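The opening residue of the sequence shown carries number -17 in the numbering used here; numbering runs sequentially from there.
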Amino acid sequence: MSLYMQWLDLVCQMVPDTRSAILKYADGEIEACATWPNSDQPDRQLMENLEFAAERDSLVTFYTSPLLTVISPIEVSGNQVAMLALSIHAQPDAVEPIKRLMSWAVRWLTELFKTRALSSNIASQAIGQPLFDSFLSAPEQGALLKTTSRYLADHYALSVCQLVMYSDECALRESYGVEDVSFMKQLQTPDCTSVLEALEVRSGQALDTIPVLVELLRSTLKGAAYRVFIARVDGVQLSAFLSVGQSFDEATLGHEIQHLLEQCCALLVVSKKLSANNKVDKKQWFLAGAKFDASKIKRFGIAALVILGILCIPISYEIPVAAGIEGKIQKSIVAPFDSFIKSTELKAGDSVDKGSVIAELDDQQLMLDVIQVNSLQQEFEKGYRKALAERDYGRSNVYKAKLRKASAQLKQIELKLDKTSLKSPISGVIISGDLSRELGAPVATGDLLFKVAPLNQYRVMLKVQESDIRFIEEGQDGVLKLSALPGTAFDILLLKPSPLFSEAGNKIVYLAEAALAEKSLTPLRPGMEGVARINVGSYSLAWVLSHHFIDWLRIITWKFWL
């Protein structure tokens, strides 16, 4: 992977939610480009925007929600050397932070262009690739020195590799291999440091050829062959003290080592400048971030206050309850005696008038009973008269009693005959009972055969949940909507809650009666069901939304409280 591609990949990782990126630069006399994420196929739309922005030679931004396009020129000494374009998924409030990130990344690459580390004859050599990789992943000076010392010691089989960096701000040391401790301690003395700075030491020169150093380090060298390599770039001096063997080739290896140190020194310069810029950027970023966060907190606070205000608004609390229509009164028609169904004229759902015959019971047995009782009555009458003729008053009284009993039985049978016709006691509609498929079936005394309710005289029976019954009081109003008439609302007035309850779906519901307001009730029929909303008073919106949960939480807390 080329250095440009590595840098572009690092920028895309640094800028969150980057969709695509293009770095267009000059490679000698040929224009080249590095693209991300697909190195072979650049984003066509982004390339068109980059070419358009190249003519303006300034920072260009396009924002079409949710895509932000930022195109920035990269200049060195007033000359444009590259163009960077990024397409990012971003929200409107993230545009400025992203532009600051890109500005920092562009300054980074600009410093790289300014140094010899990016010259074509150096960047193309594989010997410096570990340094570039290390710098891109961790641009700190200490990390770069550690990578360089490790690379030198491993690549050239050096027993000691000591790197010392001097600049106006700091001095860093990094060593790798088996150290000559006394030599290294002497090396870091102020005298040695001043000698290195004062003498024009030839890079690659052996220490024993530098009279001043030989005299200074005579007691610590212990016969080791040390060579010093020095690279200086923009106020940064990098000195390398290497313990080399007798087979050390000055012409070849010395040139390579010097070349590598120059690259390292150049990158140290970049790291130094980036470190200074980054301190400023971090401060600006912190201030901008604080402002950004303050803005967000302010918006959040306003939104919270608005929501809190809405939750405190008092509203009418309406309890939804299941409801059903019943007749205001209901008359039951039962079997007056044991008999059989003879015929039926009407069934549930039919309208009836008062006195209309709904069904008839079989009277055959009753007619036979009439004949039998009449026969007995004639026999008792004959015996009674004979006893009177014979002046047998005791026997006449017995026959007289039997006549009275037969007369009573006859009247009872005649009453039953009158009741064989089942008639409606009121005008209305039959709300239950259908004997059309039970002709000839036996019925027992008291069996419920029909229910009749009057038309236009209804009541509403409400089924109130156990958790809401405490809010129900007499005189509250509400609105009823029925499943059969969803477009019509009926006003209702609560009469009184009832202590009666029933089970519905494994839950306890309490019954309450409500009256319908005076209006056209013609479309209503007993048995219709729907939902009523009972207005139980004014409460805050927060209480309405949360009181059921709070009640449940209280019960659970009480249940498990230890």
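In this text, a Cβ means the ideal position worked out from N, Cα and C, and glycines have one as well.
Since the model is a prediction, treat every value here as computed from it, not as a measurement.
- DSSP lists Gly309 as the beta-bridge partner residues of tyrosine 440.
- Counting the other Cβ atoms within 10 Å of the Cβ of serine 406 gives 16 or more, which makes it buried.
- The residues Gln123, Leu126, Met147, Val218, Leu220, in chain order, have a CB closer than 7 Å to that of leucine 250 in the same chain once the five nearest residues on each side in sequence are set aside.
- In this structure the segment 283 to 298 lies against the segment 510 to 520, because at least three pairs of beta carbons, one per stretch, are closer than 8 Å.
- Between the segment 327 to 341 and the segment 459 to 472, the count of Cβ pairs shorter than 8 Å is below three; the stretches do not touch.
- Fewer than three pairs of CB atoms, one per stretch, sit closer than 8 Å, so the segment 375 to 395 makes no contact with the segment 407 to 416.
- Taking 8 Å as the cut-off, the Cβ atoms of leucine 462 and isoleucine 395 do not count as close.
- As the crow flies, the alpha-carbon of lysine 278 is around 45 Å from that of threonine 130.
- Annotation: the continuous alpha helix (DSSP H) that includes alanine 35 extends over 26 to 36.
- In this structure, the alpha-carbon of valine 303 lies about 5 Å from that of alanine 514.
- In the three-state reduction of the DSSP assignment, serine 403 falls in the strand class.
- The closest CA to that of glutamine 346, considering only Gly422, Phe211, His529, Val491, is found on Gly422.
- Three or more Cβ pairs drawn from the segment 441 to 457 and the segment 480 to 492 lie within less than 8 Å of each other, which places the two stretches in contact.
- The way I'd put it, the segment 47 to 58 does touch the segment 24 to 38; three or more beta-carbon pairs between them come closer than 8 Å.
- Annotated three-state conformation of arginine 515 is strand, per DSSP.
- Every beta strand (DSSP E) stretch that sits fully inside the segment 321 to 390 and reaches 3 residues is listed by chain position as 321 to 326, 339 to 343.
- Using a 10 angstroms sphere on the CB of serine 47, the tally of other CB atoms stays under 16, which defines it as exposed.
- Burial is judged here by how many other beta carbons sit within 10 angstroms of a residue's own beta carbon; phenylalanine 223 has at least 16 and is buried.
- Considering only Ala16, Glu420, Leu437, the residue with the shortest C-alpha distance to leucine -8 is Ala16.
- Non-local C-beta neighbours of serine 403 in its own chain, meaning closer than 7 Å and more than five positions away in sequence, comprise Val339, Glu342, ordered along the chain.
- With 16 or more other Cβ atoms from the protein chains shown falling within 10 Å of its own Cβ, valine 42 counts as buried.
- Rounded to whole angstroms, the gap between the alpha carbons of leucine 399 and arginine 507 is 34 Å.
- Nearest neighbour of cysteine -6 by Cα position, chosen from Pro55, Val316, Ala67, Lys324, turns out to be Ala67.
- When the five nearest sequence neighbours on each side are left out, the beta carbons in the same chain lying within less than 8 Å of the beta carbon of alanine 8 are those of Ala14, Val63, Ala64, in order along the chain.
- In this structure, the CA atom of alanine 426 is about 21 Å from the CA atom of valine 352.
- For alanine 496, the uninterrupted beta strand (DSSP E) segment begins and ends at 489 to 498.
- It is roughly 10 Å from the alpha-carbon of arginine 452 to the alpha-carbon of proline 479.
- Ranked by Cα distance from tyrosine 133, the first of Phe211, Ile239, Leu290, Asp(-1) is Ile239.
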